[in-house]
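Step one of this worksheet: look at the structure below.
Residue numbers (the working numbering): 141 to 285.
This is how it looks when you write it as structure tokens:
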């Protein structure tokens, strides 16, 4: 039981991390966003409009960008938490099904053992009856002679 659960748990965690990472990277690619912003600033030879903005305007623009990123991150966190709740619920259901299956297996095993005992008892009884009948038949033949 614990070996199966540990093996399944390791697979589950590995699979979950891969799926989670794929979802994270497809929902909003932070690396690509920052790389693009860096390249825009590095390779753009023209003066950028940001340079003509006041410090307050640049600060507001950065706050807006930060807010957008925080919203995207918050949405991803909510989605992640929702998926974790669903996965935990599914795990609980699987655990219950496994417990029911083990219980059924134990009952069936007990049923087979009881049937085997009954079969042996019946075979022993049949053998005894045949022996008695044979003995009785033998005694009757002796009496006739």
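Backbone N, C-alpha and C define an ideal beta-carbon position, used for all residues, glycine too.
Where does residue 193 sit, in a helix, a strand or coil, going by DSSP?
coil
Who are the near neighbours of residue 265 in its chain, counting only those whose CB is closer than 8 Å to its CB and skipping five residues on each side?
For residue 265, where only same-chain residues beyond five positions count, there are no Cβ hits under 8 Å.
Measuring straight from C-alpha to C-alpha, what distance separates residue 219 and residue 180?
31 Å
Separation of residue 250 from residue 238, as counted between CA atoms:
18 Å
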